[in-house]
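To keep things clear, I will list the structure first and then write my remarks on it.
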Amino acid sequence: MALASLAHCTEGAGAYLPEAALRECRHALDAQRAECPMLSTETDILHAAEAWRRSGRGVALATVVETWGSAPRPVGSHLVVDEGGNFLGSVSGGCVEGAVITEALDAIADGRPRVIEFGVADETAWRVGLSCGGRIRVFVERID
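First residue of the sequence shown: 1044, per the working numbering; consecutive thereafter.
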């Protein structure tokens, strides 16, 4: 199992107050709700994975398989990524989501499934996208 590093997420990151972060999220959701790939249903995500694969794209699926403490997305949440970096769904948000997309692209390239784990201390949770603290484990696999 790989333990993913979020060190790059905290470098130079300013401290966010929860209220400020919530305002940012609400504003972004209001402005882009119709186009936001993170607001899709699990069925939409799985259908997209199948359609992308049938069209010849390289595709990987990331699934939250375990959480400890508070987590932004429940077990069973999915994120599908194609070889071009297009994605649909969400497994967490923030830097965690970016790291999972990178792992998914690697899985598409090398064909190896992987389990990655993310966790942060409460004081840095907002800065890296795990607004509730806690830890998550994500399984990433290429879809053939």
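Cβ coordinates follow ideal geometry from the N, Cα and C atoms, glycine included.
| Item | Value |
| --- | --- |
| Which same chain residues, not among the five before or five after A1092, have their C-beta less than 7 Å away from its C-beta? | V1102, L1104, V1123, I1186 |
| If we call anything under 8 Å between Cβ atoms a contact, is A1114 one with G1177? | yes |
| Write down the C-beta distance between R1135 and R1116 rounded to the nearest angstrom, noting that I regard them as a contact closer than 8 Å. | Checking the sequence, you will find Ser at residue 1135 rather than Arg. Sure, about 6 Å apart at Cβ, within 8 Å. |
| Could you name each continuous alpha helix (DSSP H) segment of 4 residues or more that falls completely within the stretch 1082-1113, going from the start of the chain to the end? | 1085-1097 |
| What are the start and end residues of the beta strand (DSSP E) that includes E1160? | 1157-1162 |
| Can you grab the Cα-Cα spacing for the pair S1120 / G1099, in whole Å? | 24 Å |
| Per DSSP, V1124 forms a beta bridge with which residues? | A1103, F1130 |
| Can you tell me whether A1152 is buried or exposed, with buried defined as 16 or more other CB within 10 angstroms of its CB? | exposed |
| Which two residues bound the contiguous beta strand (DSSP E) that contains V1183? | 1178-1186 |
| Tell me the DSSP secondary structure of V1143 in three-state form. | helix |
| State the CB to CB distance for the pair V1118 and E1126, rounded to an integer number of angstroms; the pair is presumed to be in contact (CB under 8 Å). | Going by Cβ atoms, the distance from V1118 to E1126 rounds to 27 Å, so no, they are not a contact pair. |
| Nearest to I1179 by CA position, among V1107, A1150, S1133, is which residue? | V1107 |
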